[in-house]
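J.: The number in our numbering is simply the position in the sequence shown, starting from 1, with 21 added.
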Amino acid sequence: MQTAAVRIPGRIENILSWKEQGGGIAAVFPIHYPRELLRAFGYLPVEVWGPPVVESVSSAAHVQPYVCSIVRNGLSFLQSGGLELADILLVPHACDSLQGLGSLLLDFIHPRQPTLTLYLPRGRRESDLSFLAQELHALYRRLAEIHGDSPTEPELMSSIRREEAADASLAQLHRQRSRLPLSDLAFYQLIRSREYLPAERFSQLASEALDQAGPITERGIPLLLSGIVPEPMALLNLIPELGGWVAADDLASCGRRLYPAGTSQDPFLRMAERIIHAPPDPTRGSSIESRHQHLLSLAAESGARGVVFHDVKFCEPELFDLPDLRRQLAESGLPSLLLEVDLNDPLSHQLHTRLQAFLEMIV
Ligand code: SF4
22 MQTAAVRIPG RIENILSWKE QGGGIAAVFP IHYPRELLRA FGYLPVEVWG
72 PPVVESVSSA AHVQPYVCSI VRNGLSFLQS GGLELADILL VPHACDSLQG
122 LGSLLLDFIH PRQPTLTLYL PRGRRESDLS FLAQELHALY RRLAEIHGDS
172 PTEPELMSSI RREEAADASL AQLHRQRSRL PLSDLAFYQL IRSREYLPAE
222 RFSQLASEAL DQAGPITERG IPLLLSGIVP EPMALLNLIP ELGGWVAADD
272 LASCGRRLYP AGTSQDPFLR MAERIIHAPP DPTRGSSIES RHQHLLSLAA
322 ESGARGVVFH DVKFCEPELF DLPDLRRQLA ESGLPSLLLE VDLNDPLSHQ
372 LHTRLQAFLE MIV
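Structure follows, in structure tokens:
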């Protein structure tokens with residue numbers, strides 16, 4: 022894959038190269054999980070956000086039609102052999118649908134690979150931190166059973182620091198996006214390579230891209246993109262075609278995972294700190310007010326004139342917040358638009374027209 026600035030290895034190329042070096046692959050479902058813990062055991066995390074446009078009939082026997090297409094497609098992809106290169110599966114509890122998927126895999130489907138789950142707390146209290154540290158410790162013990170060996174504390178700390186460096190580069194890319202010679206599509210191809218590249222390779226690509234930073238360039242009407250995942254990626258061509266530009270994001274797959282560095286010298290607490298102190302996210306129980314303030318602050322920093330909520334149909338955590346969140350944003354003078362997509366559908370004419378009308382309104 023080639024952007025204006027850097028060549029990004031594709032998923033399969035990257036997986037095969039990792040396996041050739043003797044490493045394992047962890048297929049990871051959304052959203053939050055400790056990359057550093059998997060890497061310390063030699064597993065490269067490769068995320069499964071759907072993928073888009075999968076024949077999803079096989080999952081219909083197991084999940085209701087009103088379950089989102091991230092879960093439906095992920096399950097179909099697994100059942101059709103799409104995750105055969107994976108050695109383990111990790112299903113974090115982001116929402117009821119993903120919790121249901123974890124239970125289905127463990128209790129009914131029994132895939133070839135061991136399935137691990139991770140329960141995330143829904144708050145930022147001390148008790149949430151300590152609960153998550155214990156969950157991470159339980160995941161460590163389970164990985165040790167599967168792997169037959171376990172990393173030492175210094176090895177864990179070194180793995181954590183490697184991911185912290187990659188996350189610092191990711192945050193830098195987000196901050197510098199208006200200076201990079203990348204289209205919206207190329208920018209998101211680059212930052213989404215964090216979903217499957219080893220941290221050190223991602224840091225290297227980020228650094229090559231950041232070396233190309235120039236003066237700030239005007240690209241169109243600045244928008245703040247919120248929601249789950251920028252799929253179908255054709256959206257990132259449509260926005261500039263209609264005169265817009267993604268100036269900042271609050272996407273679960275991207276901006277909500279700008280994990281800060283931890284401070285604790287205990288590796289489990291440090292991994293927990295990083296997830297707990299990430300930007301507000303409804304799947305981690307963040308209040309609507311904290312999300313409102315976060316979106317206002319992203320809009321102020323980036324100059325975004327409106328928010329586009331680009332959501333996957335039937336996404337309950339997003340839909341619960343939207344009526345109040347959009348009302349509060351409107352009261353604060355930040356207009357918003359809600360677009361809902363199914364990962365299997367192309368962008369509709371209706372979506373095109375609504376986005377065009379929204380851009381004309383905020384110009
Ligand atoms: S899109 Fe929403 S409902 Fe579906 S897995 Fe993601 S958070 Fe859960």
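Positions of the beta carbon are idealized from the N, C-alpha and C atoms, including for glycine.
Looking only at its chain, what residues have a beta carbon closer than 8 Å to the beta carbon of Gln23, apart from the 5 residues adjacent to it on each side?
T.: Indexing the sequence shown from 1 puts residue 23 at position 2. Low confidence applies to Gln23: its pLDDT is 49, below 50, so where it sits in the model is not reliable enough to give any reading.
J.: Quick one: Cα of Cys275 to Cα of Ile130, how far?
T.: Residue mapping note: residue 275 aligns to position 254 of the sequence shown, counting from 1. Residue mapping note: residue 130 aligns to position 109 of the sequence shown, counting from 1. One C-alpha to the other measures close to 30 Å.
J.: Do Leu99 and Leu126 come within 9 Å of each other at the CB atom, strictly closer than that value?
T.: Within the sequence shown, numbered from 1, the residue matching residue 126 stands at position 105. Within the sequence shown, numbered from 1, the residue matching residue 99 stands at position 78. Against a cut-off of 9 Å, the Cβ pair of Leu99 and Leu126 comes out as a contact.
J.: Is any heavy atom of the ligand SF4 found at a distance shorter than 8 Å from the C-beta of Val74?
T.: As a first step, residue 74 is located in the sequence shown; it is residue number 53 there, counting from the start. It does not: the Cβ of Val74 is nowhere closer than 8 Å to a heavy atom of the ligand SF4.
J.: Helix, strand or coil, according to DSSP, for Phe341 in the structure here?
T.: For the purposes of this step, residue 341 is taken as the residue at position 320 of the sequence shown. If DSSP states are grouped into helix, strand and coil, Phe341 belongs with the helices.
J.: Can you name, in chain order, every residue of its own chain whose Cβ lies under 6 Å from the Cβ of Asp302, other than the five neighbours on each side?
T.: For the purposes of this step, residue 302 is taken as the residue at position 281 of the sequence shown. For Asp302, where only same-chain residues beyond five positions count, the Cβ hits under 6 Å are Arg277.
J.: Answer with buried or exposed for Thr284, where buried requires no fewer than 16 other C-beta atoms within 10 angstroms of its C-beta.
T.: On the sequence shown, position 263 is the one that residue 284 refers to. Label assigned to Thr284: exposed.
J.: Hey, quick one: how far does the alpha helix (DSSP H) through Thr374 stretch, first residue to last?
T.: As a first step, residue 374 is located in the sequence shown; it is residue number 353 there, counting from the start. Note, Thr374: alpha helix (DSSP H), 370 to 383.
J.: Where DSSP assigns a beta bridge to Gly71, which residues make up the other side?
T.: For the purposes of this step, residue 71 is identified with residue 50 of the sequence shown, where counting begins at 1. The partner list for Gly71 (beta bridge, DSSP) is empty, contrary to what the question assumes.
J.: How close, in whole Å, do the beta carbons of Ser224 and Ser190 come, if the pair is a contact with beta carbons under 8 Å?
T.: Translated into the one-based positions of the sequence shown, residue 224 becomes position 203. Translated into the one-based positions of the sequence shown, residue 190 becomes position 169. Indeed, because the Cβ distance is near 5 Å, the residues count as touching under 8 Å.
J.: Would you kindly report the start and end of the unbroken beta strand (DSSP E) that includes Ile105?
T.: Numbered from 1 along the sequence shown, position 84 holds the residue referred to as residue 105. The question names Ile, yet the displayed sequence has Glu at residue 105. Per DSSP, Glu105 belongs to no beta strand (DSSP E) and is neither H nor E.
J.: Going by the DSSP bridge assignment, what does Pro45 pair with across the sheet?
T.: As a working note, residue 45 is residue 24 in the sequence shown. This sequence places Gly at residue 45; Pro is not what is there. Answer by DSSP bridge pairing, in chain order: Tyr64.
J.: Given this structure, state the Cα-to-Cα distance separating Glu174 from Arg56, to the nearest angstrom.
T.: For the purposes of this step, residue 174 is identified with residue 153 of the sequence shown, where counting begins at 1. For the purposes of this step, residue 56 is identified with residue 35 of the sequence shown, where counting begins at 1. Roughly 16 Å between the two C-alpha positions.
J.: The beta strand (DSSP E) spanning Ser247 covers which residue range?
T.: Translated into the one-based positions of the sequence shown, residue 247 becomes position 226. Run containing Ser247: 242 to 248, per the beta strand (DSSP E) assignment.
J.: Are Tyr161 and Ser171 close, meaning C-beta to C-beta below 9 Å?
T.: The count along the sequence shown starts at 1 and reaches residue 161 at position 140. The count along the sequence shown starts at 1 and reaches residue 171 at position 150. Closer than 9 Å, so yes.
J.: Enumerate in chain order the residues of its own chain whose CB-to-CB distance from Leu206 is below 8 Å, with the five nearest sequence positions on each side excluded.
T.: For the purposes of this step, residue 206 is taken as the residue at position 185 of the sequence shown. Contacts found: Met254, Leu257, Asn258.
J.: Is the segment 69 to 76 in contact with the segment 86 to 105, if contact means three or more CB pairs nearer than 8 Å?
T.: These segments touch.
J.: At the level of alpha carbons, what is the spacing between Pro219 and Glu352?
T.: The count along the sequence shown starts at 1 and reaches residue 219 at position 198. The count along the sequence shown starts at 1 and reaches residue 352 at position 331. Going by the C-alpha atoms only, they are around 43 Å apart.
J.: State the Cα-Cα distance for the pair Leu317 and Leu350, rounded to the nearest angstrom.
T.: Taking the sequence shown and counting its residues from 1, one reaches residue 317 at position 296. Taking the sequence shown and counting its residues from 1, one reaches residue 350 at position 329. Between Leu317 and Leu350, the C-alpha separation is close to 8 Å.
J.: Per DSSP, Asp205 forms a beta bridge with which residues?
T.: Reading the sequence shown from its first residue, position 184 is the one you call residue 205. Per DSSP, none; premise fails for Asp205.
J.: In whole angstroms, what separates the C-alpha of Gly169 from that of Leu104?
T.: For the purposes of this step, residue 169 is taken as the residue at position 148 of the sequence shown. For the purposes of this step, residue 104 is taken as the residue at position 83 of the sequence shown. C-alpha separation (whole angstroms): 23 Å.
J.: Could you tell me whether the Cβ atoms of Gly264 and Val384 are closer together than 9 Å?
T.: For this step, residue 264 is matched to residue 243 along the sequence shown. For this step, residue 384 is matched to residue 363 along the sequence shown. In contact: Gly264 and Val384 (Cβ atoms closer than 9 Å).
J.: Return yes when the C-beta of Ala207 is under 8 Å from any heavy atom of the ligand SF4, and no when it is not.
T.: In the sequence shown, counting from the first residue as 1, residue 207 sits at position 186. Answer for Ala207: no, Cβ out of range of the ligand SF4.
J.: For Asp270, which three-state DSSP category applies?
T.: For the purposes of this step, residue 270 is taken as residue 249 along the sequence shown, with counting starting at 1. If DSSP states are grouped into helix, strand and coil, Asp270 belongs with the strands.
J.: Considering only heavy atoms of the ligand SF4, does any lie closer than 8 Å to the CB of Val92?
T.: As a working mapping, residue 92 is identified with position 71 in the sequence shown. Indeed, a heavy atom of the ligand SF4 lies less than 8 Å from the Cβ.
J.: Taking buried to mean at least 16 other C-beta atoms within 10 Å of its own C-beta, is Arg348 buried or exposed?
T.: Mapped onto the sequence shown, residue 348 falls at position 327. Arg348 is exposed by the Cβ-count criterion.
J.: Output the distance between the C-alpha atoms of Glu185 and Pro281, rounded to the nearest integer angstrom.
T.: Locating residue 185 in the sequence shown gives position 164, counting from the first residue. Locating residue 281 in the sequence shown gives position 260, counting from the first residue. Their Cα atoms are separated by approximately 7 Å.
J.: Quick check on Ile323: buried or exposed, where buried means 16 or more other Cβ atoms within 10 Å of its Cβ?
T.: Residue 323 sits at position 302 when you count from the first residue of the sequence shown. Ile is not the amino acid found at residue 323; the sequence shown has Ser there. Per the 10 Å Cβ criterion, buried.
J.: Count the C-beta pairs between the segment 74 to 94 and the segment 115 to 124 that are closer than 8 Å, then say yes if the count reaches three, no if not.
T.: Cβ pair count under 8 Å is three or more, so yes.
J.: Go through the segment 297 to 345 residue by residue and report every complete run of the beta strand (DSSP E) that reaches 3 residues or more, in order.
T.: Taking only runs of at least 3 residues, the beta strand (DSSP E) segments lying wholly in the segment 297 to 345 are 328 to 333.
J.: Is the beta carbon of Ser124 within less than 8 Å of some heavy atom of the ligand SF4?
T.: Looking up residue 124 in the sequence shown gives position 103. It does not: the Cβ of Ser124 is nowhere closer than 8 Å to a heavy atom of the ligand SF4.
J.: Assuming Tyr161 is part of the alpha helix (DSSP H), what are its boundary residues?
T.: Taking the sequence shown and counting its residues from 1, the one referred to as residue 161 is at position 140. Taken as a continuous stretch (DSSP letters only), the alpha helix (DSSP H) holding Tyr161 covers 147 to 168.
J.: Would Leu110 and Pro132 be called neighbours here (beta carbons separated by less than 9 Å)?
T.: Taking the first residue of the sequence shown as 1, we reach residue 110 at position 89. Taking the first residue of the sequence shown as 1, we reach residue 132 at position 111. Against a cut-off of 9 Å, the Cβ pair of Pro132 and Leu110 comes out as a contact.
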